[in-house]
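Last residue of the sequence shown: 261 in the numbering used here, with the numbers rising by one and none dropped. Take a look at the structure set out below.
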Amino acid sequence: MKEKTLDRDDFNVAQRFVCHIGPVISALNGIAEELEYDFSDDDAFVKIVVFQKWLESEIEKHQSVLDRAPRPFIDQPDDAISAAVAKVEKLKNEIFLHEWALENLSNIHGANIELLMHKGFSLFEIQGILPDEGNQYTPHFDAIRVLKPELEKIEQFVAGGSENFELLSGTSLAHLTPATELVE
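Next up, the structure:
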């Protein structure tokens, strides 16, 4: 009998099952260990024991599906480029949102100063009234400072036709490797 080809849906179901149910089994085992109690000895907990055994067998089945799955990007080097392009777009969006937040904070701060000046406060008094704006700006500047170098590296990788995987070191795509290295 021919083995069924693994498709993305099977992989996703297996991955979700292992990720979500694995901790449940660990919790059940942890409770039994912490209480120093064996649920299988008590007739009142027969359903829990049966359910736990079923979960464990399902985990084994789904884990075997995950174990047979090919590593990403081995046979499909184009996936590395598409992942990099998607990451570029995501980074551009994140940078845009941080820059937009900085612009909005600046506009709000300027409007607050104008309002207080129209009420008759001096600049000295306004500085004492309004919070230090640097505390609000700093997280956005820090995020932009981290995101821009990563964006530049990934853009260079995409522009180079995904030839230089060393450009991805220090980025969130550092796990990508060329197919030839994995085959050796």
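Glycine included, C-beta positions come from ideal geometry on N, C-alpha and C. Everything numeric in this text was worked out from a predicted model, so none of it was measured.
Beta carbon of residue i nearer than 8 Å to that of residue j
i	j	result
alanine 91	histidine 139	yes
leucine 174	leucine 228	no
isoleucine 102	leucine 132	yes
valine 165	glutamate 232	yes
leucine 193	isoleucine 206	yes
alanine 160	valine 235	no
Range covered by the alpha helix (DSSP H) that runs through residue i
i	result
valine 249	A quick correction: the sequence has serine, not valine, at residue 249. Premise fails: serine 249 is in no alpha helix (DSSP H) and is neither H nor E.
glycine 205	200 to 206
lysine 196	Careful: lysine 196 lies outside any alpha helix (DSSP H) and carries neither H nor E.
phenylalanine 122	Neither: phenylalanine 122 is in no alpha helix (DSSP H) and is coded neither H nor E.
Distance cut-off 7 Å: residue i Cβ against heavy atoms of the ligand FMN
i	result
leucine 168	As far as ligands go, the structure on display features none, and thus does not contain the ligand FMN.
Through-space distance from residue j to residue i, alpha-carbon basis
i	j	result
histidine 195	glutamate 171	36 Å
valine 95	arginine 145	14 Å
glutamine 129	proline 100	12 Å
isoleucine 263	leucine 245	For the chain, the structure presents residues 78 to 261; residue 263 sits outside this window and is missing.
leucine 250	alanine 163	11 Å
alanine 188	glutamate 176	18 Å
glutamate 180	aspartate 209	16 Å
isoleucine 203	glycine 238	54 Å
isoleucine 98	glutamate 137	11 Å
aspartate 119	threonine 215	58 Å
histidine 217	alanine 178	7 Å
aspartate 152	arginine 93	With a pLDDT of 43 at aspartate 152, under the threshold of 50, the predicted position of this residue should be treated as unreliable, though the coordinate-derived value follows. Distance between the alpha carbons of aspartate 152 and arginine 93 is about 24 Å.
glutamate 110	phenylalanine 122	15 Å
aspartate 115	lysine 124	13 Å
serine 183	glutamine 213	10 Å
leucine 106	leucine 112	Note on identity: in this sequence residue 106 is asparagine, with leucine being the wrong assignment. Cα-Cα distance, rounded: 10 Å.
asparagine 89	valine 223	31 Å
phenylalanine 201	isoleucine 221	31 Å
For residue j and residue i, believed in contact at Cβ under 8 Å, the rounded distance
i	j	result
valine 126	serine 117	5 Å
lysine 230	threonine 248	5 Å
aspartate 219	valine 142	Between valine 142 and aspartate 219 the Cβ distance is about 41 Å, and since that is not below 8 Å, they are no contact.
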